[in-house]
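Novice: Here it is, the structure in full.
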Amino acid sequence: MDLSIFFIQCLNALQYGLLLFLVASGLTLIFGIMGVINLAHGSFYMMGAYMAYALAPIVAATFGGGFFATLLVGVGLSVALGYVLEWAFFSFLYEREHLQQVLMTYGLILVFEELRSILVGDDVHGVEVPAFLSGTLPLGEMMTYPVYRLFISGVCLLLALGMYVVFTRTRLGMMIRAGSSNREMVQSLGIDIKFLYRVVFAAGMAIAVFAGMVAAPVSSVYPGMGDTVLIICFVVVVIGGIGSIRGALLAALLIGVVDTFGKVLLPQAAGVLVYVLMALILLWKPDGLFKAG
Amino acid sequence: MKQLHFFFVAAVFLAMALFPWVAGSYGIDFVTKIMVYAIFALSLELLVGTTGLICFGQAAFFGIGAYAAVLLSSQTQASSIAWLLPACVLAAAAYALVVGALSLRTKGVYFIMVTLAFAQMAYYVVHDTPLGGGTDGIYLTLKPALGSWIELDQPVTLYGFTLACLLLVFAGMAVLNRSRFGRALAGIRVNEQRMRATGFSTYPYKLAAFTVSGGIAGLAGFLFAVKDGFVNPEMMSWHLSGAVLIMIILGGLGHLRGALVGAFAFALLQELFKSEAVFGMLAKHWHLGLGLSIIASVVLLPKGLVGLPEQVRARLLGDKPSEGAMQ
Amino acid sequence: MKAVFFRTTVIATAAALLSGAALAQTSAKLKVGLMLPYTGTFASLGNAIENGFKLYLTEQGGKLAGREVEFVKVDDESDPSKATDNVNKLVKRDNVDVLVGTVHSGVAMAMAKVAKETGTVLIVPNAGADAVTGAMCAPNIFRSSFSNWQPGYAMGEVMAKKGIKKVATITWKYAAGDETVRGFKEGFEKGGGTVVKDLSLPFPNVEFQALLTDIAATKPDAVFTFFAGGGAVKFVKDYAAAGLKKTIPLYGSGFLTDGTLDAQGSDAEGLFTALHYADSMEIPKDKSFRLAYAKTYKLQPDVYAVQGYDAAQILAIGLKAVGGDLSKKAEFAKAVEATKIDSPRGAFSLSKAHNPVQDIYLRQVVGKENKLMGIASKDLADPARGCKM
Numbered sequence: 000m001d002l003s004i005f006f007i008q009c010l011n012a013l014q015y016g017l018l019l020f021l022v023a024s025g026l027t028l029i030f031g032i033m034g035v036i037n038l039a040h041g042s043f044y045m046m047g048a049y050m051a052y053a054l055a056p057i058v059a060a061t062f063g064g065g066f067f068a069t070l071l072v073g074v075g076l077s078v079a080l081g082y083v084l085e086w087a088f089f090s091f092l093y094e095r096e097h098l099q100q101v102l103m104t105y106g107l108i109l110v111f112e113e114l115r116s117i118l119v120g121d122d123v124h125g126v127e128v129p130a131f132l133s134g135t136l137p138l139g140e141m142m143t144y145p146v147y148r149l150f151i152s153g154v155c156l157l158l159a160l161g162m163y164v165v166f167t168r169t170r171l172g173m174m175i176r177a178g179s180s181n182r183e184m185v186q187s188l189g190i191d192i193k194f195l196y197r198v199v200f201a202a203g204m205a206i207a208v209f210a211g212m213v214a215a216p217v218s219s220v221y222p223g224m225g226d227t228v229l230i231i232c233f234v235v236v237v238i239g240g241i242g243s244i245r246g247a248l249l250a251a252l253l254i255g256v257v258d259t260f261g262k263v264l265l266p267q268a269a270g271v272l273v274y275v276l277m278a279l280i281l282l283w284k285p286d287g288l289f290k291a292g
Numbered sequence: 000m001k002q003l004h005f006f007f008v009a010a011v012f013l014a015m016a017l018f019p020w021v022a023g024s025y026g027i028d029f030v031t032k033i034m035v036y037a038i039f040a041l042s043l044e045l046l047v048g049t050t051g052l053i054c055f056g057q058a059a060f061f062g063i064g065a066y067a068a069v070l071l072s073s074q075t076q077a078s079s080i081a082w083l084l085p086a087c088v089l090a091a092a093a094y095a096l097v098v099g100a101l102s103l104r105t106k107g108v109y110f111i112m113v114t115l116a117f118a119q120m121a122y123y124v125v126h127d128t129p130l131g132g133g134t135d136g137i138y139l140t141l142k143p144a145l146g147s148w149i150e151l152d153q154p155v156t157l158y159g160f161t162l163a164c165l166l167l168v169f170a171g172m173a174v175l176n177r178s179r180f181g182r183a184l185a186g187i188r189v190n191e192q193r194m195r196a197t198g199f200s201t202y203p204y205k206l207a208a209f210t211v212s213g214g215i216a217g218l219a220g221f222l223f224a225v226k227d228g229f230v231n232p233e234m235m236s237w238h239l240s241g242a243v244l245i246m247i248i249l250g251g252l253g254h255l256r257g258a259l260v261g262a263f264a265f266a267l268l269q270e271l272f273k274s275e276a277v278f279g280m281l282a283k284h285w286h287l288g289l290g291l292s293i294i295a296s297v298v299l300l301p302k303g304l305v306g307l308p309e310q311v312r313a314r315l316l317g318d319k320p321s322e323g324a325m326q
Numbered sequence: 000m001k002a003v004f005f006r007t008t009v010i011a012t013a014a015a016l017l018s019g020a021a022l023a024q025t026s027a028k029l030k031v032g033l034m035l036p037y038t039g040t041f042a043s044l045g046n047a048i049e050n051g052f053k054l055y056l057t058e059q060g061g062k063l064a065g066r067e068v069e070f071v072k073v074d075d076e077s078d079p080s081k082a083t084d085n086v087n088k089l090v091k092r093d094n095v096d097v098l099v100g101t102v103h104s105g106v107a108m109a110m111a112k113v114a115k116e117t118g119t120v121l122i123v124p125n126a127g128a129d130a131v132t133g134a135m136c137a138p139n140i141f142r143s144s145f146s147n148w149q150p151g152y153a154m155g156e157v158m159a160k161k162g163i164k165k166v167a168t169i170t171w172k173y174a175a176g177d178e179t180v181r182g183f184k185e186g187f188e189k190g191g192g193t194v195v196k197d198l199s200l201p202f203p204n205v206e207f208q209a210l211l212t213d214i215a216a217t218k219p220d221a222v223f224t225f226f227a228g229g230g231a232v233k234f235v236k237d238y239a240a241a242g243l244k245k246t247i248p249l250y251g252s253g254f255l256t257d258g259t260l261d262a263q264g265s266d267a268e269g270l271f272t273a274l275h276y277a278d279s280m281e282i283p284k285d286k287s288f289r290l291a292y293a294k295t296y297k298l299q300p301d302v303y304a305v306q307g308y309d310a311a312q313i314l315a316i317g318l319k320a321v322g323g324d325l326s327k328k329a330e331f332a333k334a335v336e337a338t339k340i341d342s343p344r345g346a347f348s349l350s351k352a353h354n355p356v357q358d359i360y361l362r363q364v365v366g367k368e369n370k371l372m373g374i375a376s377k378d379l380a381d382p383a384r385g386c387k388m
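Just so you know, the sequences run in chain order X, F and R. For the first sequence, position 245 matches number 244 in numbering that gives the first Met the number 0, and the numbering has no gaps at all. For the second sequence, position 144 matches number 143 in numbering that gives the first Met the number 0, and the numbering has no gaps at all. For the third sequence, position 198 matches number 197 in numbering that gives the first Met the number 0, and the numbering has no gaps at all.
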């Protein structure tokens, strides 16, 4: 392939990787800090996409708002939902073994999928890209690159930066990092660890929901969309190192590259390549690329 | 094994042996399926319950056993069970050996994920390459037989053969658990470092367990392929790996009869929620009922179904739940 | 000991219940087993098929050949690994007289195997796997929909006639995709065209960007594609967003734009597709069908509803000929083979292998409709390769 095509493929890989990072970051947070394997994380992504579809007309009718208003409402809703979900359900999982967590969250996936089917139905839906982002940039003579995809990449990078700042520069971030390495110590220092966990969970869920909402215009909204995302997310988290945001970013970008170029150069092996990558990295570094933090 | 448990297991096997006399052709088919799943569950029980290795890729070995059965079978005449069955078991065990050798270098959650990765690799090989016939699967044209004595295309014969396999696997594992090898595995589960400190080299033991477990799963796959006459990539999907994990947890970890009970319970639960007779319009959304029961079972039955009598007895006798029981 | 007794009794009771159903007597009601996806990605297709089937039944007053119809439904979850069990449930436990299903080809293949072995009448209302009326064909297996080869071949002919010389194809790597593209290649190369590149990605992967870039690099005259459902929505939108819609015309099998136009919006405008159904046909039967469907279900019908409707018609024709007695399998088949089915898509008949011999229409997306532009291929019959009937 010539240089310009190579460059475009790199752009594709970057964009895919960044979106993956966004979804996976919530997972690695919940996994790393609270030690909970949450198989229902893909369902949060699905919820986001369906929210983008279902909330848009409601928001437009009530506030006259557009895409960003819908995003805000969706994120607000998911924070509240995450808070309640953690209190009602996930808080029971902290003390339990991984196996029980796997089981309970697997049951949760089934419940969420069926609720979605009952509430919104089983049809495939599209979400419109907001008008001011729907332009395209010419790339070479044949192709153009959609501005919206650049927007997604930009948003993901911003969020990554935001997370980095929160974790390393704020008190909340400090408490979160402390809580992940030594729960009892943090409690004995008078910090409300339960509240902390609730906040982290709600944040993790909100990030996944946000990713789903933002990706909805390019991924379309359909039943079972959480499934495909889930496995890849786990691969990202495991390669990157559980609990490491930095690791999740690197891993997601790696997977973006492998998937994109794999599809073009080795189409038959495309599906396997990501898993080969994971196996190789884990055999080299059994705990993932980075440690938590 | 306590006397009570022995009688329970014996009663279940007896019931299964007598079942074909009262059942219609569908019932025989259904229970054959459950027995195959029970063998599958037992294979995972060896890893998870006995050795403490949580494998999330068991479906790969199951699928390899099944695909081997179809790919190695002759198209012109019924292949002999004498070589086909061992071939399938060995194929699955071979892959388990490779996967185990590489995965056992990781621990905890990483181990879970690596086993998943290897299962996904196998899945994508049959799903995307011409090797496995693609996403729609391949047919088994002629079911194997042993001379004219055992013809597996007869449902009742297949039922009996599967029951015999289940009995052999169950008895074999019971013996294994009591042997030195089994005790070593149990020790590894409880505290691997201590085992190493006493001079045991744990890696070969774990690898052996992994390989044997893979072989047994391959046996289950072979039987399933023969029963259905049709194999497809979904037999290696992580959903199936998850389902068999659910079966042994639902039944009760650490007990062989847990795998048996779990397989039955899981299959019957699915039938219950799918049945329109009980749920009418909601039967369409049977995933909801299944999901809720799975959650409920983890919360209410921490020791699985086999732990239920113990829990009930504790409640009735007014015993305070001990520290260990509610974990 | 009580625990032992209790548990054994439970298992025994369950066993008895299961077998009791099998021992129940079959009544004069006609038992139709519907094996369709009621959950998952194809759920809406399953619903449409059932709606179409039931609509025909209502029009006949709820009876076929004087027999009242009773439905037994099974959710196949579009999962081939559970397919054999699900079919066995219908055939052996519920003792259905007729099997109707399904959407996913892998599942349909399992159904065809069981139907062939047990001789139960099977009517396939969607799954296009060539093998169902090819290598797996049987006197008791019928299809009311299409074979994957048909729309592909028709489009190939049309594109070759238009003077297009170089085409790149892109689809999912599974039977439906492979067979459609194969049919396209046959029709296109026969007309003098060349396929310069075959792109595929694993099913149901929807990350198209890399391959779209590849298409741009290859610079073909046009692109032929097969995608369905959520993938079709995403592909059409991605294709437009990549600017390719303006530079390299996109053609496809009709499933690219069927049931997906709402979601695709303006990105689908002007696309040419080939399918055995279109939205604005001047066929009287279609008009009355669409009206009745909209009135009953408050939805617009699609090709899946038509296929369900026609499945019921096939059943009715055969049943009437045998006077409601399904044991007369040879007469059933003969009657169906000899009759022209008055379908909303236009009258069609079944080939010897029991696949529809039908007109494949050329459609173009205009607004929210697949407008009929002409006939791509008249009375196109699937070659039924491998069928020994």
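Backbone N, C-alpha and C define an ideal beta-carbon position, used for all residues, glycine too.
Cα separation between residue 373 of chain R and residue 73 of chain R?
Specialist: As a first step, residue 373 of chain R is located in the third sequence; it is residue number 374 there, counting from the start. As a first step, residue 73 of chain R is located in the third sequence; it is residue number 74 there, counting from the start. Whole-angstrom Cα-Cα distance: 39 Å.
Novice: Does the structure place the region 109-126 of chain R close enough to the region 141-149 of chain R that three or more beta carbon pairs sit under 8 Å?
Specialist: Yes, the region 141-149 of chain R is in contact with the region 109-126 of chain R.
Novice: Can you tell which of R:219, R:259, R:155 and R:358 has the C-alpha that lies nearest to the C-alpha of residue 244 of chain R?
Specialist: Against the third sequence, residue 244 of chain R aligns to sequence position 245. Among R:219, R:259, R:155 and R:358, the Cα nearest to that of residue 244 of chain R belongs to R:219.
Novice: Tell me which residue opens and which closes the beta strand (DSSP E) that residue 302 of chain F is part of.
Specialist: For the purposes of this step, residue 302 of chain F is identified with residue 303 of the second sequence, where counting begins at 1. Element bounds for residue 302 of chain F: n/a, residue is neither H nor E.
Novice: Taking Cβ-Cβ distances below 7 Å as the criterion, which residues of the region 92-115 of chain R are in contact with chain F?
Specialist: 92, 104, 105, 108, 109 and 112
Novice: Tell me the rounded alpha-carbon separation between residue 245 of chain F and residue 88 of chain R.
Specialist: For the purposes of this step, residue 245 of chain F is taken as residue 246 along the second sequence, with counting starting at 1. For the purposes of this step, residue 88 of chain R is taken as residue 89 along the third sequence, with counting starting at 1. About 23 Å.
Novice: Whose CA, out of R:206, R:212, R:168 and R:214, lies closest to the CA of residue 194 of chain R?
Specialist: Residue 194 of chain R sits at position 195 when you count from the first residue of the third sequence. Residue 194 of chain R has its Cα closest to that of R:168, out of R:206, R:212, R:168 and R:214.
Novice: In three-state DSSP terms, what is residue 153 of chain F?
Specialist: As a working note, residue 153 of chain F is residue 154 in the second sequence. If DSSP states are grouped into helix, strand and coil, residue 153 of chain F belongs with coil.
Novice: Taking the beta strand (DSSP E) that residue 358 of chain R falls in, what are its first and last residues?
Specialist: Taking the first residue of the third sequence as position 1, residue 358 of chain R is located at position 359. Run containing residue 358 of chain R: 355-365, per the beta strand (DSSP E) assignment.
Novice: Go through its chain and collect everything with a Cβ distance to residue 194 of chain F's Cβ below 6 Å, but skip five positions before and after it.
Specialist: By one-based count along the second sequence, residue 194 of chain F stands at place 195. Correct list, in chain order: 186, 187 and 201.
Novice: Residue 36 of chain X: buried (16+ other C-beta within 10 angstroms of its C-beta) or exposed?
Specialist: Here the question's residue 36 of chain X lines up with position 37 in the first sequence. Residue environment for residue 36 of chain X: buried (at least 16 other C-beta atoms within 10 angstroms of its C-beta).
Novice: Given this structure, state the Cα-to-Cα distance separating residue 64 of chain R from residue 31 of chain R, to the nearest angstrom.
Specialist: The residue you call residue 64 of chain R lines up with position 65 of the third sequence. The residue you call residue 31 of chain R lines up with position 32 of the third sequence. Whole-angstrom Cα-Cα distance: 14 Å.
Novice: Since residue 232 of chain X contacts residue 26 of chain X with CB under 8 Å, what's their CB separation in whole angstroms?
Specialist: In the first sequence, the residue the question calls residue 232 of chain X occupies position 233. In the first sequence, the residue the question calls residue 26 of chain X occupies position 27. Sure, about 5 Å apart at Cβ, within 8 Å.
Novice: For residue 113 of chain X and residue 103 of chain X, what's the separation of their Cα atoms in angstroms?
Specialist: Taking the first residue of the first sequence as position 1, residue 113 of chain X is located at position 114. Taking the first residue of the first sequence as position 1, residue 103 of chain X is located at position 104. One C-alpha to the other measures close to 16 Å.
Novice: Would you identify the three-state DSSP class for residue 137 of chain F, choosing helix, strand or coil?
Specialist: Counting from 1 along the second sequence, the entry for residue 137 of chain F is found at position 138. Strand.
Novice: Could you tell me whether the region 355-364 of chain R touches the region 270-279 of chain R, using the rule of 3 or more Cβ pairs below 8 Å?
Specialist: yes
Novice: Please state if the CB of residue 187 of chain R and the CB of residue 159 of chain R are separated by a distance shorter than 8 Å.
Specialist: Position 160 of the third sequence holds residue 159 of chain R. Position 188 of the third sequence holds residue 187 of chain R. Yes, the pair counts as a contact, with Cβ atoms nearer than the cut-off.
Novice: Counting only the same chain and skipping the five closest in sequence on each side, list residues whose C-beta sits under 7 Å from that of residue 255 of chain F.
Specialist: In the second sequence, the residue the question calls residue 255 of chain F occupies position 256. Closer than 7 Å at Cβ, skipping near neighbours: 41, 44, 169, 172 and 173.
Novice: With 16 other CB atoms within 10 Å as the buried threshold, where does residue 34 of chain R fall?
Specialist: The residue given as residue 34 of chain R occupies position 35 in the third sequence. Buried, by the Cβ-count rule.
Novice: Any idea what DSSP makes of residue 276 of chain X, helix, strand or coil?
Specialist: The residue labelled residue 276 of chain X in the question sits at position 277 within the first sequence. Residue state, collapsed to three classes: helix.
Novice: Whose C-alpha, out of F:312, F:87, F:116 and F:55, is nearest the C-alpha of residue 279 of chain X?
Specialist: Indexing the first sequence from 1 puts residue 279 of chain X at position 280. The shortest CA-to-CA distance from residue 279 of chain X to any of F:312, F:87, F:116 and F:55 is the one to F:116.
Novice: Could you tell me which residues DSSP puts in a beta bridge with residue 90 of chain X?
Specialist: Sequence index remark: in the first sequence, residue 90 of chain X carries index 91 (1-based). The partner list for residue 90 of chain X (beta bridge, DSSP) is empty, contrary to what the question assumes.
Novice: Using beta-carbon positions only, say whether residue 36 of chain R and residue 77 of chain R come within less than 8 Å of one another.
Specialist: Taking the first residue of the third sequence as position 1, residue 36 of chain R is located at position 37. Taking the first residue of the third sequence as position 1, residue 77 of chain R is located at position 78. Cβ atoms of residue 36 of chain R and residue 77 of chain R: closer than 8 Å.
Novice: Under the three-state reduction of DSSP, which class applies to residue 203 of chain X: helix, strand or coil?
Specialist: For the purposes of this step, residue 203 of chain X is taken as residue 204 along the first sequence, with counting starting at 1. Helix, per DSSP.
Novice: Give me the residue from R:256, R:326 and R:350 with the minimum Cα distance to residue 119 of chain R.
Specialist: Position 120 of the third sequence holds residue 119 of chain R. That would be R:326, whose Cα lies nearest to the Cα of residue 119 of chain R.
Novice: Measure the CB-CB distance between residue 11 of chain F and residue 304 of chain F and report whether it falls below 8 Å.
Specialist: On the second sequence, position 12 is the one that residue 11 of chain F refers to. On the second sequence, position 305 is the one that residue 304 of chain F refers to. In this structure, residue 11 of chain F keeps its C-beta atom at 8 Å or more from the C-beta atom of residue 304 of chain F.
Novice: Considering only C-alpha positions, which residue in the set X:282, X:236 and X:263 is nearest to residue 32 of chain X?
Specialist: Reading the first sequence from its first residue, position 33 is the one you call residue 32 of chain X. The shortest Cα separation from residue 32 of chain X among X:282, X:236 and X:263 belongs to X:236.
Novice: So, do the region 63-71 of chain F and the region 273-282 of chain F have three or more beta carbon pairs nearer to each other than 8 Å?
Specialist: no
Novice: So with CB distances below 9 Å, who are the chain R contacts of residue 60 of chain X?
Specialist: For the purposes of this step, residue 60 of chain X is taken as the residue at position 61 of the first sequence. Within chain R, no residue comes near residue 60 of chain X; the closest Cβ sits about 19 Å away, beyond 9 Å.
Novice: Taking all protein chains shown into account, do 16 or more other C-beta atoms lie within 10 angstroms of the C-beta of residue 176 of chain F, making it buried, or fewer, making it exposed?
Specialist: The residue you call residue 176 of chain F lines up with position 177 of the second sequence. The residue is buried, with at least 16 neighbouring Cβ atoms inside 10 Å.
Novice: Show which residues of chain F have a CB atom less than 8 Å away from the CB atom of residue 146 of chain R.
Specialist: The count along the third sequence starts at 1 and reaches residue 146 of chain R at position 147. Going along chain F, no residue has its Cβ under 8 Å from residue 146 of chain R, so there is no contact; the nearest lies around 14 Å.
Novice: Name the two residues that bound the continuous alpha helix (DSSP H) containing residue 370 of chain R.
Specialist: Taking the third sequence and counting its residues from 1, the one referred to as residue 370 of chain R is at position 371. Counted as a single uninterrupted DSSP element, the stretch harbouring residue 370 of chain R is not any alpha helix (DSSP H) but the beta strand (DSSP E) occupying residues 368-379.
Novice: Candidates X:163, X:269 and X:259: which alpha carbon is nearest residue 13 of chain X's?
Specialist: By one-based count along the first sequence, residue 13 of chain X stands at place 14. Nearest option by C-alpha distance: X:259.
Novice: Could you give the first and the last residue of the continuous beta strand (DSSP E) run that contains residue 74 of chain R?
Specialist: As a first step, residue 74 of chain R is located in the third sequence; it is residue number 75 there, counting from the start. Taken as a continuous stretch (DSSP letters only), the beta strand (DSSP E) holding residue 74 of chain R covers 66-74.
Novice: By how many angstroms is the C-alpha of residue 48 of chain R removed from the C-alpha of residue 54 of chain R?
Specialist: Residue 54 of chain R sits at position 55 when you count from the first residue of the third sequence. Residue 48 of chain R sits at position 49 when you count from the first residue of the third sequence. Taking the straight line joining both Cα atoms gives about 10 Å.
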